[in-house]
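So the sequence lines, in the order shown, correspond to chains E and P.
Each step along the first sequence adds one to the number in numbering that gives the first Met the number 0, with nothing skipped, and position 10 is 9.
Each step along the second sequence adds one to the number in numbering that gives the first Met the number 0, with nothing skipped, and position 478 is 477.
The C-beta atom is built at its ideal place from N, Cα and C for all residues, glycine as well.
A quick write-up on the structure given underneath.
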Amino acid sequence: MFSQVPQVPQESSVIFLLTIPFFIWVMLSFLGFRQLLVGDFFGTFLLFLVLSFYTFILISSSAFFFVLFLEACTFLIILLIFWLSKDSDKVLSAHIIISFNIIGSIPFFFFFFLRSRNLFSSLSLQDLVRRRVIHLGVLTLLLLRKLPIFFMHFWLTKAHVSASGACSMVLAGLTLKLGGFGILKYCLSWHPLYESIGSFLFSIAALGTLMFRFLIVRFFDFKYFVARSSVVHISLIFPLYSIGSSVGSFSCVRIMVGHGLISSFMFLLVTLIYESGQNRTFDFGGSLGRVSKSLSFCLAFWFFANIGVPPLVSFLREAFSVYAVFCFSWNVLFFFFWCILLSCLFLMFCLTKIFFCKKNRAYGLETINSLTGSLTFFLPCLIFLPLFLNCSFSLF
Amino acid sequence: MEVKNFRAIVFKKIFYLTFLLFLFRNTLIFSYSSDLLWGVNFWGITNWFNSGRGTFKLDWVALRFLLIVSLVTSIVSLYREIYIQGYQLSRFVRTKILFFISIILLLFSDRPFCLIIGWDWLGVSSIFLIMFYPNKITMYNSILTMVYNRGGDIVLILALGLSVFFGLNRRVFFPSSGLIIVLILLLLCSLTKRAQFPLSSWLPAAISAPTPISAMVHSSTLVTAGLYLVSKVSLAALDRSWRWFLAFSSLRFVGGRAIALFELDFKKIVAFSTMRQIRMVIVFFYLGFLALGLGHIVVHALFKTLLFCCCGFYFLNNYSDQLFAKISTKNTSLLNSLLFFRIFRIRGLIFSGSFFTKDKILEALYFHFPFYGVSLLFWGGLLTLLYCARFARQTIKASLHPLEETPKSYKYSLLFGLATLIVGRIFPIFTPTLVVFRINNLETIFLFSFFLVLVSMKKMDLKIKIFLLSVQDIFYMKTLIFSRFSRILSPIKVKEFFHSDSFLSPSLIILKREKTFWAGSFLRFCFYLLVFIDYSFSLMNVALKLLKCEDKK
């Protein structure tokens with residue numbers, strides 16, 4: 000059962016994805032292990048465990064270990080929420096996470112371990128998936144729970160809202176990537192199953208993005224906003240992979256890495272604001288630009304990174320997803336144009352919240368000036384690194 | 000500020016300015032294609048850049064753009080020291096540097112990736128500069144600018160994706176098939192940055208940036224980025240099939256002026272003027288006159304910088320009120336004369352820089368669109384006349400609410416207006432139309448122009464000094480045209496030049512063939528030296544005069 004042919008299909012993408020835990024580790028060790036983010040030794044240990052599980056999954060060739068640690072990571076996240084969170088309804092959110100994940104897990108274990116036990120012992124996971132459509136469908140369902148597309152994302156926003164800072168950094172940066180990595184490694188991009196549902200997936204992604212852009216103006220929880228933007232980006236991965244071209248899977252990796260680097264840092268900023276100001280509302284009252292210039296610069300920079308300004312990884316994400324969509328359908332491009340334009344409009348909405356209001360509600364944000372001042376020069380350098388690590392530069 | 004310290008600062012700045020003027024203006028005058036590249040390649044840089052390995056590329060178009068950009072930026076950064084003192088200074092300077100770096104990335108890009116970086120960061124840094132003074136108007140304006148610029152970026156990404164889709168080359172913008180669609184997308188993209196008719200509403204909105212930044216945006220950076228993209232892709236190949244587009248969008252000739260006649264904000268009027276000039280450069284490009292269009296960009300950049308500098312001084316003198324009708328002109332006589340020279344230049348009168356370009360475009364438009372183009376130019380010219388009359392009336396008008404005492408930095412800051420005036424006062428672009436006439440005894444005229452400098456060192460009114468300087472510049476131009484080109488060009492060649500753009504082609508080769516190359520370069524060096532001395536003298540004169548006024552008070 001454990002003896003399988005070592006198959007690591009995209010070594011470069013593995014190395015590329017391994018930059019994320021390095022980035023998060025540096026960030027946490029730089030300022031995270033203070034009392035701001037992680038409470039005690041056990042919390043730190045759990046975080047280290049998630050990081051090591053992630054690294055192990057990426058390196059190992061066994062499909063069994065992949066599934067095992069995938070479930071274990073969800074368990075660890077729930078533990079972290081229980082251990083570190085200060086939210087009042089964390090029990091409810093833990094229930095929601097478990098129930099949503101079980102909907103994906105139970106059919107998978109039923110089909111792979113009970114019904115076709117003999118097959119699984121003799122064949123590799125990829126051969127199994129290639130033979131029967133039901134296996135592919137069930138595996139896809141399992142992975143799509145971890146990597147949410149629209150209408151499967153409810154557990155993710157709930158988890159982010161009730162999780163603590165370090166926990167949601169790890170959740171956004173690492174755990175969501177495992178589903179994407181599984182899709183890249185085990186699913187078959189050329190399969191007729193995906194061909195039949197490809198346009199449906201794209202339309203769901205585009206319509207959901209438009210819907211989110213209009214809905215988000217009503218919500219003022221900053222963390223909720225970052226979680227939603229991460230859902231918007233992540234929900235593109237599976238439709239792009241299902242196109243079947245190499246550019247699609249190429250752009251998938253860019254989406255994952257860009258999202259892992261950017262959203263984890265944005266969660267860090269949210270946590271800094273929350274811990275020092277005891278307030279997570281998005282309405283800073285314009286005082287942020289005056290109270291802490293370094294923090295407002297950081298926020299502006301990472302907002303721009305989020306919409307994909309060129310030299311960063313997120314630009315590669317936008318560009319390559321556009322190339323991949325060219326291969327699929329030109330009608331979808333129309334929706335994508337409006338999505339990107341609306342994201343820019345929303346960015347300006349955020350910037351007005353930071354820079355433009357007149358009322359001065361200075362709430363304890365002076366304490367983090369010293370922290371973010373050193374961040375501004377240290378961390379933007381890191382986002383350039385993956386660009387030069389990978390040879391995507393040579394394409395241009 | 001103490002007088003002694005103030006004087007020391009002024010002299011330092013003047014030395015810096017003269018050096019810059021000497022450097023840039025003369026390179027701009029002698030900027031033939033191979034000449035520029037030869038100068039750079041002296042250190043072997045060009046070979047390294049253009050070897051095809053790097054992401055950057057140097058060519059003469061980019062170099063000429065670079066010269067304009069760096070000249071305007073240096074003038075603006077000196078002007079900034081008066082205009083913005085203290086208020087969020089470091090943020091302003093950093094964003095301005097980002098702005099400058101991104102335009103340079105755009106100019107030197109060979110790969111589309113590099114081009115997109117410059118293109119996108121131009122938009123981003125510009126909105127940060129627009130929201131420099133945080134209030135409601137700048138908020139709306141920055142949102143408008145960001146949405147338009149980002150739309151252009153997305154179209155650029157789509158164009159890149161299409162050219163990848165149709166077949167990847169090293170130069171990605173020219174795919175093997177489907178060229179027309181890519182070119183249409185690039186055209187749409189360049190519309191957003193150069194603010195052409197359907198997508199132009201952000202340019203009047205962008206004037207809520209500080210005035211030095213408006214000078215940069217309108218003269219050299221943001222608007223010319225769109226022009227640079229057009230010149231890079233060379234849409235001139237499409238002019239036959241795109242006549243309808245040209246006709247449609249050249250309605251701005253009339254429209255921009257008509258709006259500017261009824262506008263109340265001073266800076267918005269200038270913004271509408273920019274739209275019209277940019278439109279004219281685009282017509283040049285469509286008709287195939289690349290070098291002439293670039294020359295017009297230089298002229299336009301210089302007088303636009305001057306105009307914005309004048310604007311800033313008026314606002315300083317007028318409680319920061321931007322309403323055109325309320326501007327008081329009591330204590331600003333020198334400024335009024337500067338504005339008069341600017342009107343002289345925008346009208347395209349003879350011996351001004353824009354005369355040559357406008358003459359050429361009239362000729363070409365008459366050749367291509369016999370009825371439509373000429374009637375359009377007629378109405379556009381008429382409206383320009385009305386517009387200039389409005390400006391001229393403003394210079395004479397009695398002030399409503401004059402300031403009791405002029406700001407102390409006013410006189411000092413006038414220097415920068417003077418600098419732009421002297422650089423761009425009359426910009427010689429060598430048209431063959433004047434080579435037909437021949438004049439003897441050129442050297443006497445040349446010497447006479449230097450004699451004028453000595454005359455201007457005496458005690459005299461400032462207006463007269465400026466007039467003398469401009470006269471002297473006319474002599475420069477004449478000597479340059481008649482002494483060098485009358486020998487080189489034969490009458491047969493002159494006939495060819497009417498129908499081609501090649502009159503800016505290398506003179507260097509001809510000199511080499513005649514074996515007088517080194518002698519020519521020595522003469523040129525001497526000429527540079529004389530011009531440098533002349534500039535420093537004239538600027539020092541004006542500065543001394545200003546400082547004496549300061550001391551008397």
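Inter-residue spacing [alpha-carbon to alpha-carbon] between residue i and residue j
{"i": "GLY307 of chain E", "j": "LEU346 of chain E", "result": "11 Å"}
{"i": "PHE21 of chain E", "j": "SER230 of chain P", "result": "45 Å"}
{"i": "LEU378 of chain P", "j": "LYS303 of chain P", "result": "Note on residue identity: the sequence assigns Trp, not Leu, to residue 378 of chain P. Taking the straight line joining both Cα atoms gives about 22 Å."}
{"i": "ILE294 of chain P", "j": "TYR227 of chain P", "result": "Looking at the sequence provided, one finds Gly at residue 294 of chain P rather than Ile. If you take the alpha carbons of GLY294 of chain P and TYR227 of chain P, they lie about 13 Å apart."}
{"i": "ILE80 of chain E", "j": "ILE96 of chain E", "result": "11 Å"}
{"i": "THR18 of chain E", "j": "SER141 of chain P", "result": "36 Å"}
{"i": "THR628 of chain P", "j": "TYR285 of chain P", "result": "Any question about residue 628 of chain P goes unanswered here, given that chain P covers just 0 to 552."}
{"i": "PHE41 of chain E", "j": "LEU267 of chain E", "result": "20 Å"}
{"i": "PRO238 of chain E", "j": "LEU65 of chain P", "result": "44 Å"}
{"i": "LEU202 of chain P", "j": "ALA205 of chain E", "result": "31 Å"}
{"i": "PHE221 of chain E", "j": "VAL269 of chain E", "result": "7 Å"}
{"i": "LYS89 of chain E", "j": "VAL75 of chain P", "result": "57 Å"}
{"i": "LEU16 of chain E", "j": "PHE47 of chain E", "result": "17 Å"}
Contact test: residue i Cβ vs the ligand FMN heavy atom, cutoff 6 Å
{"i": "LEU67 of chain E", "result": "Questions concerning the ligand FMN fall outside what the structure shown contains, since it holds no ligand whatsoever."}
Test item: CB-CB of residue i and residue j under 7 Å
{"i": "GLY257 of chain E", "j": "SER320 of chain E", "result": "no"}
{"i": "LEU105 of chain P", "j": "ALA205 of chain P", "result": "no"}
{"i": "SER575 of chain P", "j": "VAL68 of chain P", "result": "Outside the modelled stretch of chain P, which goes from 0 to 552, sits residue 575 of chain P, for which no answer is possible."}
{"i": "LEU124 of chain E", "j": "ALA62 of chain E", "result": "yes"}
{"i": "GLY179 of chain E", "j": "MET255 of chain E", "result": "yes"}
{"i": "GLY243 of chain E", "j": "TRP189 of chain E", "result": "yes"}
{"i": "LEU187 of chain P", "j": "VAL154 of chain P", "result": "yes"}
{"i": "SER161 of chain E", "j": "SER84 of chain E", "result": "yes"}
{"i": "LEU140 of chain E", "j": "GLY103 of chain E", "result": "yes"}
{"i": "LEU170 of chain E", "j": "ILE76 of chain E", "result": "yes"}
{"i": "LEU221 of chain P", "j": "SER125 of chain P", "result": "yes"}
{"i": "GLY181 of chain E", "j": "LEU142 of chain E", "result": "yes"}
{"i": "PRO197 of chain P", "j": "PHE131 of chain P", "result": "no"}
{"i": "PHE307 of chain P", "j": "PHE265 of chain P", "result": "no"}
{"i": "ILE268 of chain P", "j": "ALA259 of chain P", "result": "yes"}
Chain-ordered neighbours of residue i on chain P, where CB pairs are closer than 9 Å
{"i": "PHE303 of chain E", "result": "VAL123"}
{"i": "PHE107 of chain E", "result": "None at all; the shortest Cβ gap to chain P is about 36 Å."}
{"i": "PHE325 of chain E", "result": "LEU157, GLY160, LEU161, VAL163 and PHE164"}
Residue-level contact to chain E via CB, residue i, 7 Å cutoff
{"i": "GLY160 of chain P", "result": "yes"}
{"i": "ARG93 of chain P", "result": "no"}
{"i": "PHE323 of chain P", "result": "no"}
{"i": "ILE83 of chain P", "result": "no"}
{"i": "ILE115 of chain P", "result": "yes"}
{"i": "ARG149 of chain P", "result": "yes"}
{"i": "ILE96 of chain P", "result": "no"}
{"i": "ILE281 of chain P", "result": "no"}
is_contact[residue i, chain P] using C-beta, thresh 7 Å
{"i": "ALA204 of chain E", "result": "no"}
{"i": "ALA158 of chain E", "result": "no"}
{"i": "ALA318 of chain E", "result": "yes"}
{"i": "THR351 of chain E", "result": "yes"}
{"i": "PHE281 of chain E", "result": "no"}
{"i": "PRO309 of chain E", "result": "yes"}
Interface residues of chain E facing residue i [CB-CB closer than 8 Å]
{"i": "LEU157 of chain P", "result": "VAL321, LEU332 and PHE336"}
{"i": "VAL146 of chain P", "result": "LEU340, CYS343, LEU344 and MET347"}
{"i": "PHE107 of chain P", "result": "What PHE107 of chain P touches in chain E: nothing, since even the nearest Cβ is about 15 Å away."}
{"i": "ILE100 of chain P", "result": "Residues of chain E passing the Cβ test: none, with the nearest at roughly 12 Å."}
Partner residues on chain P for residue i, Cβ-Cβ distance less than 7 Å
{"i": "GLU274 of chain E", "result": "Here the premise fails: no neighbours, minimum Cβ distance about 27 Å."}
Cross-chain neighbours of residue i in chain E, by beta carbon under 7 Å
{"i": "PRO133 of chain P", "result": "PHE354 and PHE355"}
{"i": "ASP119 of chain P", "result": "VAL308 and PRO309"}
Under 9 Å from the C-beta of residue i: neighbouring residues of chain E
{"i": "SER207 of chain P", "result": "Correct list: empty, because the minimum Cβ distance to chain E is about 13 Å."}
### Runs of alpha helix (DSSP H) lying entirely within the region 237-295 of chain E, each at least 4 residues, in chain order
Taking only runs of at least 4 residues, the alpha helix (DSSP H) segments lying wholly in the region 237-295 of chain E are 245-276 and 287-290.
### Message
So within the region 190-220 of chain E, which uninterrupted alpha helix (DSSP H) runs reach at least 4 residues, ignoring any that extend past its ends?
### Response
Listed in chain order, the complete alpha helix (DSSP H) runs (minimum 4 residues) inside the region 190-220 of chain E are 191-214.
### Message
Going residue by residue through the region 132-193 of chain E, where are the continuous beta strand (DSSP E) segments of at least 3 residues, counting only ones entirely within it?
### Response
none
### Task
For the region 128-160 of chain P, list the beta strand (DSSP E) runs that are entirely contained and at least 3 residues long, ordered along the chain.
none
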